[in-house]
Structures are given as structure tokens and as C-alpha cells.
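This report refers to the structure that appears directly beneath it.
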Amino acid sequence: MKILVTGGLGFIGSHTAVELQNQGFEVVIVDDLSNSSLEVLDGISRITGKIPAFEKLDLREKNAVQDFFKRHSDISGVIHFAASKAVGESVENPLLYYENNISSLIYVLQELEKKDDARFIFSSSCTVYGQAEKMPITEDAPVQEAMSPYGNTKQIGEEIIKDVAKVSDINAILLRYFNPIGAHPSAEIGELPIGVPQNLVPFITQTGMGLRAELSVFGNDYPTPDGTCIRDYIHVVDLAKAHVVALQRLIEKKNSEKVETFNVGTGTGSSVLEVIHAFEKVSNQKLPYKIVGRREGDITIAYANTDKANAVLGWKAESTLEESLASAWKWEQKIRKVFAK
Ligand code: NAD
Ligand code: WQD
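Under full-length UniProt numbering, the first residue of the sequence shown is numbered 1, with each subsequent residue one higher.
Have a look at this one:
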């Protein structure tokens, strides 16, 4: 069965391509390389023993998307990762985000709509919940006013998919990721942030390598046990596996609604200081850090209730925070050796 993975050379897409190939799916990756590199293909093939088909294509080019689907009329499902994802950049350049994240989605759906039976999985985000009132967050928690154009593209994307599914043969699953971290345990693929990392874990691993002098902890005056913000950090391999079971659900037509929504997290919240201390344990070194002021737009606490994914998808995150951080650390050490050559 042929599955299109858009953005499949990116962080989460590449790990999902591995899990799909491991389960016997034929993977076709489309990526414009705007936030990834061709070498990721080699990593995927070293892990799985198979090179996925790849086309460099910008999904904002409607004609190119149409042409791609004509040439690949046997695609049975799409996992749509391709998007721009930097929250701060989306505030500075909202049109870039609306154009990329929305038009790419529309062009792919326009081609899928033409099919008799189409399966679609969408990368959504816990950002749609904003600062939820109740923890852990269930899927029926209200979607809050978006805090950034990036977050808004996820909310709008979910709405577009629901509207299109009503009038087409598309069945879809929206996966709301919490905070993906880590790398494949082989260290063949992982996260490759461009420039200064905005996310906590890549900043920590780069600081651990001495590339950054110290980590700034954004605020320790939040109403949490140690004063730092709490998130649900999920291993990227666990997250990748959730896509495969979601796809299988659609293939077996087990979905109870045309569009289903699942939280994908561990169900456990960890504070910034807890993440730092867990990293210190797995890397066997002290991490230099200082407490600074709050980062604008940060919410205090977000962690998932994963009962729905556990019960309905039969999926559960398996890795501990320490295992996730150990894989991120192994990857960081590997890429620094490669770059040093
Ligand atoms: P990523 O940037 O590593 O991967 C996205 C890939 O899409 C990149 O390889 C990029 O080159 C490609 N791409 C972007 N625009 C494209 C276009 N117009 N045409 C073709 N390819 C294009 O990001 P990621 O962390 O793997 O995230 C994947 C998806 O998950 C995104 O939709 C993101 O918004 C969503 N998400 C990510 C997180 C996170 O923290 N990483 C959390 C929640 C949701
Ligand atoms: C985690 C915690 C920071 C860096 C972002 C997006 C969200 C989603 C995931 C896509 C926070 C603190 C961070 C640093 C720090 N992406 N921190 N020092 O903010 O939960 O979510 O990525 O959908 O939309 O907003 O993740 O990794 O940036 O931060 O203290 O140098 O670490 O304040 O509490 P966040 P993050």
C-alpha cells in the first residue's frame, strides 16, 4: 500500500517514514527541503534497509501537486507533516505561515477529494488548547483563541479537514501532538534545528555539547511546584508509531466518525527543571543554566490525557523522559562529530 508522507524528510516525518516502512508500507516522500536535508533519506534507508521514493516538491505549487497525484494515482493515504513550524517567525511573517500551511493543505486535499476512498492524517498540535483549564487535557477541551499565526494554521487546518470530509470520501485523523523530543535510537535520524534552537531539548543538548554557553530558563515564578513551566515531552518514535496505528484504523475502516481527533502525548507533565535534571543524569554532566524572565506567549502547563488514544488506537507512549533525552543526547553527539569532519 502506497502512502504519501509530505514533509517526510523533517523531524517527525522521517521517523514516521521509518515506522511505516517497518510495517511494510510503500512510502513516497515529498519535501521541498526548506527545513530538512536530502541526507535524511540515507538515514531512513540505513535503519530500514529500504530507500523510500522521494520527490523534491513545494506543495504551494498547485500544478506540481496535481501533476504529482496524476503520476501517483495509486496513493492510498496521506500523512501530512509539511508545514512551517516556528512560532516566533509566524508572528513576524504571518502570511508566510498562512500561505505555506494552508495552501499546501488545500492543494493536497483537492487531489484527495477526487478519490473514492481517501485516508488523511494531519499533524495538529496541543497549541490549539492554549492554556487549558483542566489538566490533563482531554480532546473535548475547548479550542482557544490562537496565540500565534502558526497556532491558528493548525486550528484552521482542522476546520478545513472537517468541512471537506463532510462532502467527500475523505476519512481523517487529527493528531494533536504534545512536545515531541528525542531521536531514533540508532542516531541515524533526529532533529536538525536551523540556527539557535527555540525549543527546550535541542537547546539543552547543544548546551551539553558546549555549543551554547548556558540555557536560559524562561521564568521560575509560575504557579507550578518548582515555578517552571510544565509540558508533556513525547519520544518522537512513540509519536511516529501513533501515525501508523491511526493509518491502520482508517485502512480497516474502524473509525467511528469521518474525522477523529486524538491527543498524542505521554500523559505525564515535566517541568523545565525536571527536564534539565533528567538530562544531567543521562549525560552524566552538569548543565549550565540561569533563570531569566518569562518568554512571551508561554503557557504555564500542558499535558495530555491519552485515554482516548490508549483505548481506541491501542497505542501508548513507551519511552520515559530519560530514554527520550538519552536518544536526543546520542543524536547531538553524533551530528557534532559529523559536522566537525
Ligand atoms: P520539520 O520542519 O522538521 O518538518 C517539516 C518538513 O516539511 C520539513 O522537512 C520541510 O522541509 C517540509 N516542508 C515545509 N513546507 C513545505 C512545502 N511547502 N512543501 C514541501 N515540503 C515542505 O517539522 P516537524 O517538527 O517534523 O513537524 C512536522 C509537523 O508536525 C508540522 O506540521 C508541525 O507543525 C507539526 N507539529 C510539530 C511539533 C513539534 O514540536 N515539532 C508539535 C506539534 C505539531
Ligand atoms: C518548552 C518549555 C519554555 C527554551 C512549542 C510551540 C508549540 C509546539 C511545540 C508545534 C517552555 C522552556 C524553552 C529555552 C526554556 N510546536 N524553555 N528555555 O513552548 O511548549 O511549544 O513547541 O506545534 O506550538 O509553541 O515548547 O520546547 O519551546 O518550550 O526555558 O531555551 O521550555 O519556556 O516552558 P513549547 P518549547
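Glycine included, every Cβ here is placed at the ideal spot set by N, Cα and C. Keep in mind that this is a model prediction, so the values were computed, not measured.
query, result
"CB of Gln-131 within 9 Å of CB of Val-143, strictly", "no"
"Check: Val-30 C-beta below 8 Å from any heavy atom of the ligand NAD", "yes"
"Under the three-state DSSP convention, the category Ser-283 falls into", "helix"
"Cβ pair count under 8 Å reaching 3, the segment 263-270 against the segment 191-200", "no"
"Per-residue burial, Gly-49 [other beta carbons within 10 Å of its own, 16 or more giving buried]", "exposed"
"Selection from Ile-47, Ala-311, Ala-213 that minimises the alpha carbon distance to Leu-287", "Ala-213"
"Cβ-heavy atom distance, Ile-12 to the ligand NAD, below 8 Å", "yes"
"heavy atom of the ligand MN below 8 Å from Pro-193 C-beta", "Although the ligand MN was asked about, the structure shown includes only the ligand NAD and the ligand WQD as ligands."
"C-beta contact flag for Thr-224 and Thr-300 at 9 Å", "yes"
"Euclidean distance between Cα positions of Gly-210 and Tyr-107", "43 Å"
"Residues bridged to Thr-261 (per DSSP)", "Leu-174"
"Spatially closest choice to Asp-169 from Asp-117, Ser-36, Leu-192, by CA coordinates", "Asp-117"
"Gln-155 CB to nearest heavy atom of the ligand WQD below 8 Å", "no"
"Spatially closest choice to Ser-98 from Gln-110, Ala-83, Gln-66, by CA coordinates", "The amino acid occupying residue 98 in the given sequence is Tyr; Ser does not appear at that position. The option with the nearest alpha carbon to Tyr-98 is Ala-83."
"Identified DSSP bridge partners for Asn-22", "Answer is none; Asn-22 lacks a bridge partner."
"Meets three-Cβ-pair contact criterion under 8 Å: the segment 239-251 and the segment 215-231", "no"
"Ala-83 Cβ short of 8 Å to the ligand NAD heavy atom set", "yes"
"CB contact flag (Ser-123, Gly-7, <9 Å)", "yes"
"Cβ neighbour criterion (16 or more within 10 Å) applied to Gln-21", "buried"
"Expected contact under 8 Å - CB spacing of Asp-232 and Tyr-303 to nearest Å", "4 Å"
"Ser-36 CB to nearest heavy atom of the ligand WQD below 8 Å", "no"
"Beta-carbon gap between His-184 and Glu-318 smaller than 9 Å", "no"
"Terminal residues of the alpha helix (DSSP H) in which Ile-299 lies", "Per DSSP, Ile-299 belongs to no alpha helix (DSSP H) and is neither H nor E."
"Which residues DSSP lists as bridging Glu-55, in chain order", "Val-30"
"Ser-283 beta carbon less than 9 Å from that of Gly-208", "yes"
"Beta bridge counterpart(s) of Val-5 as assigned by DSSP", "Ile-29, Ile-79"
"Coil, strand or helix - His-72 by DSSP", "coil"
"Cα-Cα separation, Tyr-150 to Val-87", "6 Å"
"Nearest-angstrom Cβ-Cβ length linking Met-147 and Gly-297, presumed shorter than 8 Å", "5 Å"
"DSSP state of Val-167 mapped onto helix, strand, coil", "coil"
"Cβ separation of Phe-178 and Cys-126, assumed to be a contact under 8 Å, to the nearest whole Å", "5 Å"
"Check whether Glu-280 and Asp-226 have beta carbons under 9 Å apart", "no"
"Tyr-150 Cβ short of 8 Å to the ligand NAD heavy atom set", "yes"
"Among Thr-261, Glu-332, Leu-33, the one whose alpha carbon lies nearest that of Val-201", "Glu-332"
"Any non-hydrogen atom of the ligand NAD within 8 Å of Cys-229 CB", "no"
"Length of the line joining the Cα atoms of Ala-278 and Arg-119", "39 Å"
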